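Have a look at this one:
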């Protein structure tokens, strides 16, 4: 059976010291209280309660786990929803306090409610046949949706600390998110690969490894061609990005929104500015920055920059020494 807050008694507990100063007007009365029992499916979906207002309350997983165990046993009072007075014009402030029961002893007691929907949007709650899981009746329409977030007080921090310690002891904390530092080489390869979309670290590592192996084989092949006199030394000019798209043809290249072709001097000025920001660039990065046709960009780029063939920056572009000296003089104002 689908759980709905309106089917439970949400009553004020005068023993709660934090809520002693609240009046009855502060409490949100949820009624009518109805005991909805599962019905064996006969192919009919009952709709007589389709307009009954229901609140959809999204709670943390640790809360849902404890509640489900208690709910299966029956006779559960979930808690109370409190609406606080706020200055006119401000958002409604609602909080949720769980009932004082056996199943809530280890749980944080107070939650802020973040309203995400304040009107009906065609969402309904149903009863279902436990055996066939088929819907047997509509029990209400969702008119309010909210997310319950624990109030960040000392009790919640102590609960969270104890929970993390328990997960660490049981080994279940291994699935939590971790920050892992990668080497500069892997980071550089990832940048050089360029626009591949979302990719996992393991997949990236495998592709980088395969790319490295095939580039070595490609280099040996070019060396054999040079040795045979078929290929002249220096006539091959490729970068890691182009090789990557040869290796992975199913990866879509991002179509850049390019501008019209700039005059050569203007484009060279842009390139000098780019190399003034960073010493090394991959070709895709320069394409994005200059927004120029790749053929025209490569032609102008090869006049002022060279591709690094070895070392940690291989496959990336840097200014030729003569232009680097000229650029340094301009930056420092030396004539």
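Numbering (our numbering), first residue to last: 5 to 339. Glycine included, every Cβ here is placed at the ideal spot set by N, Cα and C. Keep in mind it's a predicted model, so treat the numbers as computed, not measured.
Looking only at its own chain, which residues have a Cβ that is under 6 Å from the Cβ of residue i, when we skip the five neighbours before and after it?
i: residue 279; result: 323
i: residue 321; result: 285, 309, 311
i: residue 126; result: none
i: residue 54; result: 142
i: residue 250; result: The predicted position of residue 250 is uncertain, since its pLDDT is 46 and thus under 50; no value can be drawn from it.
i: residue 252; result: For residue 252, the pLDDT reaches just 46, beneath the cut-off of 50, and the residue's location in the model is therefore unreliable, although a value from the coordinates is still provided. Excluding sequence neighbours, residue 252 sits near nothing in its chain.
i: residue 313; result: none
Per DSSP, which one or two residues make a beta bridge with residue i?
i: residue 144; result: 129
i: residue 311; result: 321
i: residue 88; result: 97
i: residue 59; result: 148
i: residue 139; result: 132
i: residue 154; result: 115
i: residue 49; result: Beta-bridge pairing links residue 49 to no other residue.
i: residue 102; result: 83
Excluding sequence positions up to five away, which residues of its chain have a Cβ less than 8 Å from the Cβ of residue i?
i: residue 202; result: Confidence is the limiting factor: at residue 202 the pLDDT is only 47, short of 50, which leaves the residue's position unreliable and the question unanswerable from this model.
i: residue 66; result: 111, 167
i: residue 95; result: 119
i: residue 48; result: 140
i: residue 294; result: 266, 271, 274, 275, 278, 301
Rounded to whole angstroms, what's the CA-CA distance from residue i to residue j? Just pull it up for me.
i: residue 99; j: residue 115; result: 6 Å
i: residue 70; j: residue 290; result: 55 Å
i: residue 337; j: residue 303; result: At residue 337 the pLDDT is 45, less than 50, meaning the model places this residue with poor confidence; the figure from the coordinates comes in the next sentence. Whole-angstrom Cα-Cα distance: 29 Å.
i: residue 301; j: residue 318; result: 19 Å
i: residue 268; j: residue 296; result: 11 Å
i: residue 163; j: residue 90; result: 30 Å
i: residue 174; j: residue 288; result: 46 Å
i: residue 113; j: residue 135; result: 35 Å
i: residue 79; j: residue 73; result: 12 Å
i: residue 340; j: residue 281; result: Beyond the ends of the chain as shown, which are 5 and 339, falls residue 340; an answer cannot be given.
i: residue 157; j: residue 88; result: 19 Å
Quick one: give me the first and last residue of the beta strand (DSSP E) that residue i is part of.
i: residue 342; result: Past the boundaries of the shown model lies residue 342; the chain is included only from 5 to 339, so the question cannot be answered.
From what residue to what residue does the alpha helix (DSSP H) around residue i run?
i: residue 288; result: 287-294
i: residue 121; result: Segment 114-121 is the beta strand (DSSP E) holding residue 121; no alpha helix (DSSP H) there.
i: residue 68; result: 65-77
i: residue 165; result: 158-174
Among the options, whose alpha-carbon lies nearest the alpha-carbon of residue i?
i: residue 306; options: 317, 276, 281, 316; result: 276
i: residue 118; options: 148, 109, 104; result: 148
i: residue 327; options: 317, 273, 138, 72; result: 273
i: residue 298; options: 61, 318, 265; result: 265
i: residue 77; options: 106, 91, 317, 113; result: 106
i: residue 316; options: 187, 109, 68; result: 187
Spatial neighbours of residue i within its chain, please: CB distance less than 7 Å, with the 5 preceding and 5 following residues excluded, ordered by chain position.
i: residue 153; result: 115, 116, 118
i: residue 123; result: 147
i: residue 63; result: 152
i: residue 325; result: none
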